[in-house]
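Asker: Attaching a single structure in structure tokens format; questions to follow.
Number of protein chains: 2
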Amino acid sequence: MQKIHWTPQRRAVYEVVKSAHDHPTASMIIDRLHARGHRFAYATVYNSLRYLAEAGVIRELRLGEGASRYDARNEEHQHIVCERCGTIEEVFEPVPAAWQKTVEANTGFVVTETQVVLHGVCPACRGEALRAHTPEAH
Amino acid sequence: MQKIHWTPQRRAVYEVVKSAHDHPTASMIIDRLHARGHRFAYATVYNSLRYLAEAGVIRELRLGEGASRYDARNEEHQHIVCERCGTIEEVFEPVPAAWQKTVEANTGFVVTETQVVLHGVCPACRGEALRAHTPEAH
DNA sequence: TTTCTTGCAAAACATTTGCAAATCG
DNA sequence: CGATTTGCAAATGTTTTGCAAGAAA
Chain A
40 MQKIHWTPQR RAVYEVVKSA HDHPTASMII DRLHARGHRF AYATVYNSLR YLAEAGVIRE
100 LRLGEGASRY DARNEEHQHI VCERCGTIEE VFEPVPAAWQ KTVEANTGFV VTETQVVLHG
160 VCPACRGEAL RAHTPEAH
Chain B
40 MQKIHWTPQR RAVYEVVKSA HDHPTASMII DRLHARGHRF AYATVYNSLR YLAEAGVIRE
100 LRLGEGASRY DARNEEHQHI VCERCGTIEE VFEPVPAAWQ KTVEANTGFV VTETQVVLHG
160 VCPACRGEAL RAHTPEAH
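First to last, the sequence lines map onto chains A and B. Taking our numbering, the leading residue of the first sequence gets 40, the next gets one more, and so forth. Taking our numbering, the leading residue of the second sequence gets 40, the next gets one more, and so forth.
Spelled out as structure tokens, the structure:
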């Protein structure tokens, strides 16, 4: 973890990501910067995001659809995406270290990062599906 | 697993993906189709890839850099990417079912798919790093 | 002063879309 | 015939680049 060279732009970008709860994309971040009265260039926001991600302060997530999303949580965690409504939830159960060890042994790699993206159906969407099948549904 | 409506284009795209060993991107696939004498429109290749992925015949991988990659292996497996040279290797050790169960219990989701992307350093790159530190290196 | 960072517009990609023509069932 | 698929070019969306001007070390 190297020393971070903070600039006003990087700090503002970081504040937006940190205060967000919804894993915003770059363009969502730009909108929120505008809402807060900042008007940085696209390039600056992307540069800041890249810089902060490389510095390890934020994480870039490619969750499978369109734009990258950004996350400022620093505990190790994974993500699960609802395939119906798109909600993204955090998963704090750590991936078993033994599994990772086995992978290292089998592949010869030294693992530096594990990114897991689970897909599934969230409780709310399952609820709707159930309700749609009951007589009192409509 | 529904019935697949094969067209010459879809078959040709599938053949390319299946015979590739390197998880090609859409544009690599287009190049290889050209090399085989086919000249399908971009849109057709993308349509075919999407169709085949939705049909479950191939898998779309978003491994973190640029374009999606495609994989025709049908056994459950994961991927590990070397952060030095970019090589992608397959990981056949299955993610522990118990972990997935715990995630379902904790999040309330029903999990339908688990995609793991590990990053690390491959044996070859580690070898080079070692060699660079020994006296007889140059 | 030397290096890094910003801002802007343009470029580079990756992927999708609209629509007419061709093909399939 | 009716539905699906193809091909093309243009549009869209995301991210990067080139470069001049500005700020920081």
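Note that the Cβ used here is the ideal one computed from N, Cα and C, for glycine as well.
1. Identify the contact partners of Glu128/B in chain A, using a Cβ-Cβ distance below 8 Å as the criterion.
2. Alpha carbon to alpha carbon, how far is Ile43/B from Pro135/B? Give it in angstroms, no decimals.
3. Terminal residues of the continuous beta strand (DSSP E) containing Thr153/B?
4. Please state whether the Cβ-Cβ distance between Gln48/B and Ser87/B is less than 9 Å.
5. Roughly how far, in whole angstroms, is the beta-carbon of Tyr90/B from the beta-carbon of Leu100/B, given that I think they are within contact range, below 8 Å?
6. Could you give the distance in angstroms between the alpha-carbon of His177/B and the alpha-carbon of Val150/A?
7. So which residues of chain B does His118/A contact, with C-beta pairs closer than 8 Å?
8. Is Asp218/A helix, strand or coil when you go by DSSP?
9. Tell me which same chain residues have a C-beta within less than 6 Å of the C-beta of Glu129/B, skipping the five on either side of it?
10. Using C-beta distances below 6 Å, list every residue in its chain close to Thr126/A, excluding the 5 sequence neighbours before and after it, in chain order.
11. What is the C-beta distance between Phe148/A and Gly159/B, in whole angstroms, given that I count them as a contact (C-beta under 8 Å)?
12. Using the Cα positions of Val96/B and Val52/B, report the straight-line distance between them to the nearest angstrom.
13. Residues of the stretch 148 to 163 of chain B with a CB closer than 7 Å to any CB of chain A: list them in chain order, please.
14. Just to confirm, is the Cβ distance from Ser66/A to Ala92/A under 9 Å?
15. Can you pull the chain A residues whose beta carbon is under 7 Å from the beta carbon of Arg165/B, in chain order?
16. Is the distance from the Cβ of Val25/B to the Cβ of Ala111/B below 9 Å?
17. Can you tell me whether His73/B is helix, strand or coil according to DSSP?
18. Under a Cβ-count criterion, where at least 16 other Cβ atoms within 10 Å of its own Cβ denotes burial, should Glu175/A be classed as buried or exposed?
19. Around the C-beta of Cys121/B, are 16 or more other C-beta atoms found within 10 angstroms, so that it is buried, or is it exposed?
20. Pull out every residue of the stretch 86 to 104 of chain B whose Cβ sits closer than 7 Å to any Cβ of chain A, in chain order.
21. When DSSP labels each residue in this structure, what does Leu100/B get in the three-state scheme?
22. Alpha carbon to alpha carbon, what distance is there between Leu157/B and Cys164/B?
23. How about His177/A: is its C-beta nearer than 9 Å to some C-beta of chain B?
24. Residues of chain A with CB under 7 Å from Glu122/B, in chain order?
25. Can you give me the Cβ contacts of Leu72/A inside the same chain, cut-off strictly under 8 Å, excluding the 5 residues immediately before and after it?
26. Thinking C-alpha only, which one of Arg98/B, Trp45/B, Ala94/B, Ala82/B is nearest His62/B?
27. Could you compute how far the alpha carbon of Arg123/B sits from the alpha carbon of Gln154/A?
28. With DSSP as the reference, identify every bridge partner of Val134/A, one or two as the case may be.
Answerer: Based on what the coordinates show:
1. Among the residues of chain A, those whose CB is under 8 Å from the CB of Glu128/B are Thr146, Phe148, following chain order.
2. Looking at the two C-alpha atoms, the distance is approximately 31 Å.
3. From DSSP, the beta strand (DSSP E) with Thr153/B extends over 149 to 160.
4. Their beta carbons are under 9 Å apart, which means Gln48/B touches Ser87/B by this criterion.
5. That pair is no contact at about 17 Å.
6. Reliability of the predicted coordinates at His177/B is poor, the pLDDT of 40 falling under 50, and the value obtained from them is presented with this limitation in mind. Looking at the backbone, the Cα of His177/B and that of Val150/A are separated by about 28 Å.
7. Chain order gives no chain B residues near His118/A, where near means a beta carbon separation below 8 Å; the closest approach is about 10 Å.
8. Shown here, chain A extends from 40 to 177; a query on residue 218/A therefore has no answer.
9. Taken in chain order, the residues that qualify are His116.
10. Excluding residues within five positions, the ones whose Cβ falls inside 6 Å are Cys161.
11. The distance from the Cβ of Phe148/A to that of Gly159/B is about 4 Å, consistent with a contact at the 8 Å cut-off.
12. Going by the C-alpha atoms only, they are around 11 Å apart.
13. From the stretch 148 to 163 of chain B, only Phe148, Val149, Val150, Thr151, Glu152, Thr153, Gln154, Val155, Val156, Leu157, His158, Gly159, Val160, Cys161, Pro162 have a Cβ closer than 7 Å to chain A.
14. The answer is no: Cβ separation not under 9 Å.
15. Neighbours of Arg165/B on chain A, chain order: Val149.
16. This structure cannot speak to residue 25/B, because chain B is shown only from 40 to 177.
17. His73/B: helix per DSSP, three-state reduction.
18. Only weak support is given to the placement of Glu175/A: the predicted model assigns it a pLDDT of 47, under 50, and the question is left unresolved by the model.
19. Counting C-beta atoms within 10 angstroms of its own C-beta, Cys121/B has 16 or more neighbours from the protein chains shown and is therefore classed as buried.
20. Those would be Arg101, Gly103, in chain order.
21. For Leu100/B, the three-state secondary structure derived from DSSP is strand.
22. The alpha-carbon atoms of Cys164/B and Leu157/B are separated by roughly 16 Å.
23. Unreliable placement is indicated for His177/A, whose pLDDT of 40 sits below 50; no coordinate value is reported for it.
24. Here the neighbours are Thr151.
25. Ala51, Val52, Val55, Arg78, Phe79, Val84.
26. Nearest C-alpha to His62/B: Arg98/B.
27. Each residue's CA atom was taken as its position, placing Arg123/B and Gln154/A some 17 Å apart.
28. Note: Val134/A sits in no beta bridge, so no partner.
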